[in-house]
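**Student:**
Number of protein chains: 2
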Amino acid sequence: MAKTRWLDEREAHLWRTWLRLNQELLGILEDQINREGGLSGADYAVLVPLSAAPDGMLRARELGREILWDRSRLSHQLGRMEKRGLVVREECVEDARGAMVRMTDAGRAAIKRAAPGHVAATRRHFFDHLSDKEVDQLTAVLDRILANLGS
Amino acid sequence: MAKTRWLDEREAHLWRTWLRLNQELLGILEDQINREGGLSGADYAVLVPLSAAPDGMLRARELGREILWDRSRLSHQLGRMEKRGLVVREECVEDARGAMVRMTDAGRAAIKRAAPGHVAATRRHFFDHLSDKEVDQLTAVLDRILANLGS
DNA sequence: CACGAATGGGTGTCATGTCAACAAAAAATC
DNA sequence: GATTTTTTGTTGACATGACACCCATTCGTG
Numbered sequence: 006m007a008k009t010r011w012l013d014e015r016e017a018h019l020w021r022t023w024l025r026l027n028q029e030l031l032g033i034l035e036d037q038i039n040r041e042g043g044l045s046g047a048d049y050a051v052l053v054p055l056s057a058a059p060d061g062m063l064r065a066r067e068l069g070r071e072i073l074w075d076r077s078r079l080s081h082q083l084g085r086m087e088k089r090g091l092v093v094r095e096e097c098v099e100d101a102r103g104a105m106v107r108m109t110d111a112g113r114a115a116i117k118r119a120a121p122g123h124v125a126a127t128r129r130h131f132f133d134h135l136s137d138k139e140v141d142q143l144t145a146v147l148d149r150i151l152a153n154l155g156s
Numbered sequence: 006m007a008k009t010r011w012l013d014e015r016e017a018h019l020w021r022t023w024l025r026l027n028q029e030l031l032g033i034l035e036d037q038i039n040r041e042g043g044l045s046g047a048d049y050a051v052l053v054p055l056s057a058a059p060d061g062m063l064r065a066r067e068l069g070r071e072i073l074w075d076r077s078r079l080s081h082q083l084g085r086m087e088k089r090g091l092v093v094r095e096e097c098v099e100d101a102r103g104a105m106v107r108m109t110d111a112g113r114a115a116i117k118r119a120a121p122g123h124v125a126a127t128r129r130h131f132f133d134h135l136s137d138k139e140v141d142q143l144t145a146v147l148d149r150i151l152a153n154l155g156s
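Those protein sequence lines, which keep their order, are chains A and B.
Everything in the first sequence is counted per the numbering used here, starting at 6 for the first residue and increasing by one.
Everything in the second sequence is counted per the numbering used here, starting at 6 for the first residue and increasing by one.
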């Protein structure tokens, strides 16, 4: 067990900024979604992959994989969303264990209502402050970090 | 209401990476703290400012301001931590409304146990994949975004 | 085919976070 | 100095998330 190498001043600053930015930015965007679409951030996260899928339908397993949720969390969330009429669950034909999740018309309407404001807020608070070059640099760095997370 | 300008391919990619990286990275670090110190991420967040404060004591208001928590959340969390003997609440001399929060010896021991592994994990999963120059670039970009969040 | 392991999904329970309402003290206003 | 307004902290109710466990189905292996 080697002696700990603590973060130096620059590193600590970056780390605090990283955490704080993440926290505040997500909070702002969540509020935004909440106000404009009557949706929670969780609702939105679920509806996004569904709206991109054919027939607005995905297998629960796939859905969970896309948004990195465990099955329990997804199941609870789907139960709540089903109760509010945003999605329905149907049987899966090719695998009797599975469950298909389909977005209802109300679900599609809700995300169509929320999405423009969400994108606008994302631009206003994030992309508007980045040059094209910085987008590329940032992408390269974050992709690299993400790719090494497994280790 | 102008027509929505959706994210292009590069932007969408960066945005997904940002969200996913945060989610996974924070999850990993939380697990780490959890295992090594028997602490939750919330416990850790509370203990960090306390361990940096004189006498391990801060006014609740200050503590909440540092970690950007609202009063209710902090109060609940402190209640739980007090029950587990990590902190104690004391009266505030100069303001009878206030509450002082003091880290107990057990609290200090817990964070001393968790901190080295936490820093190591932060390095392993984050800083080890960044050059010095990239740290500076990233800091500049994120600071700028953070500074503009109020708008 | 039979059997144990793995997978997909659900449920209950408890920890955590949010929100509205409250009470007490301090600050501001008149 | 009395009265409103803010600030500080707590509480209770409720939404959400994490975790352990359950059941049915499918897969892998003999």
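C-beta atoms are modelled at their ideal positions from N, C-alpha and C, and glycine is treated no differently.
(1) Across the region 92-105 of chain A and the region 113-127 of chain A, are there enough close Cβ pairs to call them in contact, namely three or more that are closer than 8 Å?
(2) According to DSSP, is V98 of chain B helix, strand or coil?
(3) Which one of B:I150, B:R107 and B:L154 has the shortest CA to CA distance from P54 of chain B?
(4) Starting from A7 of chain A, trace the beta strand (DSSP E) in both directions and tell me its first and last residue.
(5) What number of angstroms, rounded off, separates the C-alpha of N39 of chain B from the C-alpha of F132 of chain B?
(6) Checking the sheet assignment: what are the DSSP bridge partners for G93 of chain B?
(7) Run through DSSP, which three-state label would L143 of chain A get?
(8) Does the region 72-83 of chain A come close enough to the region 8-24 of chain A to have 3 or more Cβ pairs within less than 8 Å?
(9) Where does H81 of chain A land, buried or exposed, given buried means 16+ other C-beta within 10 angstroms?
(10) Can you check the region 41-78 of chain A for any alpha helix (DSSP H) of at least 4 residues that lies completely inside it and give the ranges in chain order?
(11) Say whether chain A places a C-beta atom closer than 8 Å to the C-beta of V146 of chain B.
(12) So, helix, strand or coil for S136 of chain B, using DSSP?
(13) Cβ of Q142 of chain A less than 8 Å from any chain B Cβ?
(14) Decide if the region 140-151 of chain B is in contact with the region 42-50 of chain B; the criterion is three or more beta carbon pairs, one per stretch, under 8 Å apart.
(15) In this structure, how does DSSP classify L31 of chain A when only helix, strand and coil are distinguished?
(16) Comparing alpha-carbon positions, which option in A:Y49, A:L24, A:A50 and A:A104 lies nearest G46 of chain B?
(17) Nearest CA to the CA of R21 of chain A: which residue from B:L19, B:T22 and B:L31?
**Tutor:** Reading off the structure:
(1) no
(2) On the second sequence, residue 98 of chain B is found 93 positions in, with the first residue counted as 1. Note: V98 of chain B maps to coil in three-state DSSP.
(3) Here residue 54 of chain B refers to the residue found at position 49 when the second sequence is read from its first residue. Residue B:R107 is the option with its Cα nearest to P54 of chain B.
(4) Here residue 7 of chain A refers to the residue found at position 2 of the first sequence. No beta strand (DSSP E) contains A7 of chain A, which DSSP labels as neither H nor E.
(5) As a first step, residue 39 of chain B must be located in the second sequence, where it is residue number 34. As a first step, residue 132 of chain B must be located in the second sequence, where it is residue number 127. Between N39 of chain B and F132 of chain B, the C-alpha separation is close to 21 Å.
(6) To locate residue 93 of chain B, count along the second sequence from 1; it is residue 88. As written in the sequence, residue 93 of chain B is Val, which differs from the Gly given in the question. Bridge partners of V93 of chain B: B:R107.
(7) Sequence index remark: in the first sequence, residue 143 of chain A carries index 138 (1-based). If DSSP states are grouped into helix, strand and coil, L143 of chain A belongs with the helices.
(8) no
(9) Indexing the first sequence from 1 puts residue 81 of chain A at position 76. That one is exposed.
(10) 46-57 and 65-72
(11) Counting from 1 along the second sequence, the entry for residue 146 of chain B is found at position 141. Yes, because at least one Cβ of chain A sits closer than 8 Å to the Cβ of V146 of chain B.
(12) For the purposes of this step, residue 136 of chain B is taken as residue 131 along the second sequence, with counting starting at 1. Here S136 of chain B sits in coil by DSSP.
(13) As a working mapping, residue 142 of chain A is identified with position 137 in the first sequence. For Q142 of chain A, the answer is yes, since a Cβ of chain B falls inside 8 Å of its Cβ.
(14) no
(15) For the purposes of this step, residue 31 of chain A is taken as residue 26 along the first sequence, with counting starting at 1. Reduced to three states, the DSSP call for L31 of chain A is helix.
(16) Here the question's residue 46 of chain B lines up with position 41 in the second sequence. Of A:Y49, A:L24, A:A50 and A:A104, the residue nearest in Cα terms is A:L24.
(17) Your numbering for residue 21 of chain A matches position 16 in the first sequence. Closest option to R21 of chain A, Cα to Cα, is B:L31.
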